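Worksheet: the structure to be examined is printed underneath.
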Amino acid sequence: MSNQASWFTSIVLQVVGDCEDKQTKRLNHSRIEGKIMSATKMNAQEIIKFIADAKKKTPVKVTFDGELHGSIPWSVVKLGNVLFGDWEEIKPLLANLEENKTYVVEQDARNSAVPLLDKRDINARIEPGAIIRDQVEIGDNAVIMMGAVINIGAEIGAGTMIDMGAILGGRAIVGKNSHVGAGAVLAGVIEPASAEPVRVGDNVLIGANAVVIEGVQIGSGSVVAAGAIVTQDVPENVVVAGVPARVIKTIDEKTQQKTALEDALRTL
1470 MSNQASWFTS IVLQVVGDCE DKQTKRLNHS RIEGKIMSAT KMNAQEIIKF
1520 IADAKKKTPV KVTFDGELHG SIPWSVVKLG NVLFGDWEEI KPLLANLEEN
1570 KTYVVEQDAR NSAVPLLDKR DINARIEPGA IIRDQVEIGD NAVIMMGAVI
1620 NIGAEIGAGT MIDMGAILGG RAIVGKNSHV GAGAVLAGVI EPASAEPVRV
1670 GDNVLIGANA VVIEGVQIGS GSVVAAGAIV TQDVPENVVV AGVPARVIKT
1720 IDEKTQQKTA LEDALRTL
């Protein structure tokens, strides 16, 4: 998805979705505290119900040439010769377009159930091209880099960086002052609903292209080497590597120096 398309979808879903169903209101999530965080208040069944009950929308931006006739639904926004809204509501308007009936439709979703997160009031650095769905909690001074994908119900602690192309699946939880490396995957667990989410503690570094399987907990202060596949819980303050990942040593001063985070990157 291009940066422009991502921006467009965010704006349209915000305009169309924020003022509609009560079920699209943001739910309160628990703050991320402690060494291993408790699960988000939205459990898998609640997320499934949220998606199932949500009004499915096909958000579009339509630029037209001519005059529209007929009443415009309150959920469709008209700015000059541009319409923002759901295709099912805009399509009938275009049938009544007079003169040359020329229009261009921009669309990047179909029957979408979950809007993108409204990022305007998030106290974090979120770079262009990051795809973040609604019902995600992002802590203060966190950093979300280009191309990161964060699914519904995920929680990101204060000061944590999600690097380029990293994927946080549904309900994945990452603690404070951690780093999820480029291309890493924290498996999501929307279905099966009985599965437990990934939980990553505070001050954890997960290397590039590592994979953490659903239900795994990573203890605070630990390091997951690049390319590792983590299938079992990881204790605090250790280094794990390999496929499957195994403990190769405890954290020492040299490792701490090599994996230290830069506070300057988290300054807003």
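Each residue of the sequence shown is one higher than the one before, starting from 1470 at the first, in our numbering. Ideal Cβ positions, reconstructed from N, Cα and C, are used throughout, including at glycine. Source: prediction; values computed, not measured.
Beta-ladder partner(s) of residue i, from DSSP
i: Gln1514; result: Per DSSP, none; premise fails for Gln1514.
i: Gln1686; result: Arg1668
i: Asp1534; result: Thr1571
i: Ala1677; result: For Ala1677, which the question treats as bridged, DSSP gives no partner whatsoever.
i: Ala1710; result: Arg1715
i: Asp1555; result: Pro1528
i: Ile1698; result: Val1680
i: Ser1581; result: Lys1526
Residue i versus residue j - alpha carbon distance
i: Gly1539; j: Val1658; result: 45 Å
i: Ala1523; j: Val1708; result: 42 Å
i: Gln1701; j: Leu1655; result: 13 Å
i: Val1546; j: Glu1558; result: 11 Å
i: Trp1556; j: Glu1660; result: 29 Å
i: Thr1571; j: Ser1544; result: 23 Å
i: Leu1671; j: Ala1611; result: Residue identity differs from the one stated: residue 1671 is Asp in this sequence, not Leu. Their Cα atoms are separated by approximately 13 Å.
i: Val1667; j: Phe1553; result: 37 Å
i: Phe1519; j: Ser1581; result: 12 Å
i: Ile1516; j: Leu1637; result: 15 Å
i: Asp1590; j: Gly1608; result: 11 Å
i: Lys1645; j: Gly1634; result: 20 Å
i: Val1699; j: Ser1691; result: 12 Å
i: Ala1593; j: Ala1627; result: 9 Å
i: Leu1737; j: Asp1587; result: 18 Å
i: Met1470; j: Lys1727; result: The predicted model places Met1470 with a pLDDT of 43, which falls under 50 and marks its position as unreliable, so this point remains unresolved.
i: Lys1718; j: Ala1521; result: 46 Å
i: Lys1560; j: Val1583; result: 22 Å
i: Gly1684; j: Lys1723; result: 30 Å
i: Met1614; j: Ala1599; result: 6 Å
i: Ala1714; j: Ile1541; result: 57 Å
i: Asp1534; j: Leu1562; result: 13 Å
i: Asp1721; j: Ala1697; result: 20 Å
i: Asn1550; j: Lys1525; result: 25 Å
i: Leu1585; j: Pro1704; result: 34 Å
i: Val1716; j: Leu1674; result: 14 Å
i: Met1511; j: Arg1640; result: 8 Å
i: Leu1537; j: Leu1566; result: 5 Å
i: Ala1664; j: Ile1682; result: 11 Å
Per-residue burial, residue i [other beta carbons within 10 Å of its own, 16 or more giving buried]
i: Leu1734; result: exposed
i: Asn1497; result: Its pLDDT being 34, under 50, Asn1497 is placed unreliably by the model, and nothing is read from it.
i: Pro1597; result: exposed
i: Gln1686; result: buried
i: Val1712; result: exposed
i: Arg1579; result: exposed
i: Asp1632; result: buried
i: Phe1477; result: Legend: pLDDT at Phe1477 = 48, less than 50; position of this residue unreliable, value from coordinates given subsequently. Phe1477 comes out buried.
i: Thr1629; result: buried
i: Ile1465; result: Residue 1465 lies beyond the stretch modelled for the chain, which goes from 1470 to 1737, so this question has no answer here.
i: Ala1662; result: exposed
i: Leu1548; result: exposed
i: Ala1564; result: exposed
i: Ala1729; result: exposed
i: Val1669; result: buried
i: Val1643; result: buried
i: Val1693; result: buried
Closer than 7 Å: residue i CB and nearest the ligand NAP heavy atom
i: Asn1620; result: The model depicted lacks the ligand NAP and carries no ligand whatsoever.
Interface flag, residue i vs chain C, CB-CB below 8 Å
i: Arg1602; result: Any reference to chain C falls outside this structure, which holds one protein chain only.
Could you tell me which uninterrupted alpha helix (DSSP H) segments, each at least 4 residues in length, are contained entirely in the stretch 1592-1625, listed from first to last along the chain? Fully enclosed alpha helix (DSSP H) runs of no fewer than 4 residues are not present anywhere in the stretch 1592-1625.
When you compare the stretch 1599-1609 with the stretch 1617-1627, are there three or more beta-carbon pairs, one atom per stretch, that lie closer than 8 Å? With the cut-off at 8 Å, the stretch 1599-1609 and the stretch 1617-1627 touch.
Any contact between the stretch 1561-1576 and the stretch 1522-1536? By contact I mean 3 or more CB pairs, one from each, below 8 Å. They touch, by the three-pair rule.
Under 8 Å, with one C-beta from each stretch per pair, do the stretch 1641-1657 and the stretch 1678-1688 reach the 3-pair mark? Taking 8 Å as the limit for Cβ pairs, the verdict is that the stretch 1678-1688 does touch the stretch 1641-1657.
Can you list, in chain order, the stretches of the beta strand (DSSP E) that have 3 or more residues and sit fully within the stretch 1712-1737? List check, beta strand (DSSP E) in window: 1715-1719.
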